[in-house]
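What follows is a set of notes on a single structure, which appears directly below.
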Amino acid sequence: LIVSGSDDGRIIVRRVFRKILNFQRVGNLRHVLEVFKFLNFKEVVGVARVNKKFYEASFHPEAPKPHLIETKVLEGHSSGVLSVAVSPKKRILVSGSWDSTVRVWSLATGEEIKELQGHRCAVYSVAISSRGEFLVSGSYDNTLRVWSLAYRKETLVLEGHKDTVSSVAISTKDLFFVSGSYDCTVRVWSITGKELRVLKGHTGYVRSVAIPKSDSYVVSGSSDSTVRVWSLAS
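End of the sequence shown sits at 234 in the UniProt record's numbering; the numbers just go up one at a time, nothing left out.
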């Protein structure tokens with residue numbers, strides 16, 4: 001399945017090479033900022049841009065329609081939250097904001113664990129490795145940064161994109177990660193920070209990237225109104 005979010009507040013679920021399977025507007029939020037983690041395929045945690053609150057949305061298959069349950073309000077950012085990611089194994093949540101910081105939160109208590117500083121501009125995207133050992137962030141400052149969650153500090157600064165890094169994703173086995181940018185490219189990086197490939201084809205901003213469990217290809221979505229699937233086999 002490919003899940004895409006839209007500026008008009010819609011979330012659309014697509015099966016590859018098939019028609020749209022399902023469409024559902026979640027609650028009455030003005031903007032759906034991001035759908036970032038399914039937990040047991042029944043729940044998804046989300047954030048509303050209008051009030052900066054984190055929500056839990058229940059998607060029970062027998063329920064007549066999804067409903068939102070406000071579980072916690074996580075306060076600490078001085079400006080709007082742009083991106084969030086969850087590590088179920090470590091029970092933490094990370095967020096990126098217009099205030100140029102990345103923050104790590106406890107899912108159990110809702111308390112802020114650490115504020116990570118380094119980006120010079122808004123943090124548009126964050127992703128956590130499957131084992132919860134590190135996270136990657138992308139920013140309006142055109143850089144990606146890798147952070148150790150064990151030591152809670154910056155370990156790598158990656159340059160290469162010529163414009164805002166709007167989306168990041170880490171492979172299932174934590175061997176590589178990808179980034180999408182307003183420079184219309186998708187880039188593949190090794191876990192050590194080496195740029196492995198530059199994928200060109202989009203004619204508009206790349207707004208989202210994803211890596212399926214097989215780690216064999218990358219999916220990207222763009223403002224050019226296309227979704228592209230890139231093979232990593234060659």
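For each residue, glycine too, the CB sits at the ideal point set by N, CA and C.
The model shown is predicted, which means the values in this text are computed figures rather than measured ones.
query: Any non-hydrogen atom of the ligand SAH closer than 7 Å to ILE170 Cβ; result: In the structure shown, the ligand SAH is absent, as is every other ligand, since no ligand is present at all.
query: Residues near VAL157 by beta carbon distance below 7 Å, same chain, minus five either side; result: THR143 and ARG145
query: Straight-line gap, ILE191 to LEU135 (C-alpha atoms, nearest Å); result: 11 Å
query: Beta-carbon spacing of ASP183, THR203 below 8 Å; result: no
query: Residues that ILE211 bridges to, as DSSP identifies them; result: ILE211 is not bridged to any residue.
query: Where TYR124 falls: helix, strand or coil (DSSP); result: strand
query: Exposure of VAL216, with buried meaning 16 or more beta-carbon neighbours within 10 Å; result: Here residue 216 turns out to be Ser, not Val, going by the sequence shown. Answer is exposed; the Cβ neighbour count stays below 16.
query: Contact under 8 Å by Cβ, VAL209 with VAL178; result: yes
query: Short Cβ contact (8 Å threshold) for LEU82 with TRP105; result: no
query: Straight-line gap, ASN40 to SER129 (C-alpha atoms, nearest Å); result: Caution is warranted here: a pLDDT of 42 is assigned to ASN40, below 50, making its placement in the model unreliable, and no coordinate value can be reported.
query: Inter-residue CB distance, VAL206 and SER231 (contact presumed, cutoff 8 Å); result: That pair is no contact at about 17 Å.
query: Integer-rounded CB distance, given that VAL188 should sit under 8 Å from GLU176; result: The identity of residue 176 in the sequence shown is Phe, whereas the question assumes Glu. Going by Cβ atoms, the distance from PHE176 to VAL188 rounds to 6 Å, so yes, they are a contact pair.
query: Element boundaries [beta strand (DSSP E), containing TRP105]; result: 102–106
query: Alpha-carbon to alpha-carbon, SER214 and GLN117; result: 33 Å
query: Member of SER125, GLY160, LYS162 and HIS119 whose CA lies at the smallest distance from the CA of LYS153; result: HIS119
query: LEU175 (DSSP reduced to helix, strand or coil); result: coil
query: Beta carbon of ALA122 nearer than 8 Å to that of SER100; result: yes
query: Residue environment, LEU93, which counts as buried when at least 16 other CB atoms sit within 10 Å; result: buried
query: Beta strand (DSSP E) segment containing GLU154, residue limits; result: 153–158
query: Contact under 8 Å by Cβ, residue 271 with SER166; result: Since the first and last residues shown for the chain are 1 and 234, residue 271 lies out of range.
query: Buried or exposed by the 16-neighbour rule on C-beta atoms within 10 Å, applied to ARG91; result: exposed
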